[in-house]
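The numbering used here puts the first residue of the sequence shown at -16, with every later residue one more than the last. Notes follow the structure.
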Amino acid sequence: MKRIYFIIYGVLFLLAVGCTKGNPYESLISDYAQTDRHGTWTDIQFEAIEIEELAPITVSDSLEILKEIFESDKALLLKNLDHLLKSSEKDLDRENKSRIKSSTMIDISTKRIRDTKHRIDSVSSIQFSSVYDKESSDKVLLQPVRCHYSYVFPQGNPVQKRTDIFYFTAEKNKIVKQKQIKQ
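Spelled out as structure tokens, the structure:
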């Protein structure tokens, strides 16, 4: 009879411990959401409503994002340099057509044109290089987690709700970034 009681108590204990564990992300998200930039923790009565693990960000995802940013920045820089080149060429042309020519202005415009062409050639020749040469393309870098939660700031403010994406390290033990989803 005692054996049955021990088994029942053991099962109830395991159920109680298992039920109180909760989501593995919840405590980290709670601490992160209640801590400001200066490291001060404030009790905002955080309550997670829904936590959803999203697809992990891998090395190949990161390379795709970095390459897209690189190409965009390169195109913008080339566009700006091209605009500067055209402006300098107009200045030189205007100076050459003027009645009173200033050799100083012609020299300045000519030098600016030469320098700008050199910069355009340099920027055009730059190629994207991977920062993950020795890493596997399916290695997980970040684990995004979407969390819909409610909170109440101290001093009688109403309950507020919001949804954020929290980016965890691959080990899932630290949040590196939080991004609010506008609704």
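By construction, the Cβ of each residue, glycine as well, lies at the ideal position given by its N, Cα and C atoms.
Nearest to LYS122 by alpha carbon, out of THR18, ILE34, LEU46?
LEU46
Identify the continuous alpha helix (DSSP H) that holds LYS69 and give its terminal residues.
Element bounds for LYS69: 42 to 80.
Tell me, please, which residues DSSP counts as bridged to LYS160.
TYR150
Quick test of the definition: if touching needs 3 or more C-beta pairs under 8 Å, does the region 143 to 153 touch the region 59 to 77?
no
Near LEU61, which residues of its chain fall below 8 Å by C-beta distance, leaving aside the five closest residues on each side in sequence?
Taken in chain order, the residues that qualify are ILE103, VAL106, SER107.
ILE12 and TYR134 closer than 9 Å at C-beta:
The Cβ atoms of ILE12 and TYR134 lie no closer than 9 Å to each other.
Leaving out the 5 sequence neighbours to the left and right, which residues in its chain are closer than 8 Å to SER71 when beta-carbon positions are compared?
Listed in chain order, the non-local C-beta contacts of SER71 below 8 Å within the same chain comprise SER92, ARG95, ILE96, THR99, local neighbours out to five positions each way being set aside.
Taking the alpha helix (DSSP H) that LEU11 falls in, what are its first and last residues?
Run containing LEU11: 9 to 16, per the alpha helix (DSSP H) assignment.
With which residues is ILE34 paired in a DSSP beta bridge?
CYS130
How is VAL123 classed by DSSP in three states: helix, strand or coil?
strand
Would you tell me roughly how many angstroms separate the C-alpha atoms of LYS144 and ILE34, rounded to the nearest one?
13 Å
Using the Cβ count rule (16 or more neighbours within 10 Å means buried), how would you classify PHE16?
The amino acid occupying residue 16 in the given sequence is Ala; Phe does not appear at that position. Buried: at least 16 other Cβ atoms inside 10 Å.
Alpha-carbon to alpha-carbon, GLU9 and LEU(-2):
In this predicted model, LEU(-2) has a pLDDT of only 45, less than 50, meaning its place in the structure is not dependable enough to derive any value.
Are PHE149 and LYS160 close, meaning C-beta to C-beta below 9 Å?
yes
Measure the C-alpha to C-alpha separation of PHE111 and LYS50 and round it to an integer number of angstroms.
7 Å
Please report the Cβ distance between LEU37 and PRO137, rounded to the nearest whole angstrom; I am assuming they are in contact, meaning their Cβ atoms lie under 8 Å.
Actually they do not touch by this definition, with Cβ atoms about 31 Å apart.
Check whether the Cβ atoms of ASP147 and LYS162 lie closer than 9 Å to each other.
Yes. Within cutoff.
Nearest neighbour of VAL42, chosen from SER120, HIS21, ARG77, ASN140 [CA to CA]
SER120
Does the Cβ of LEU125 have 16 or more other Cβ atoms within 10 Å, making it buried, or fewer, making it exposed?
buried
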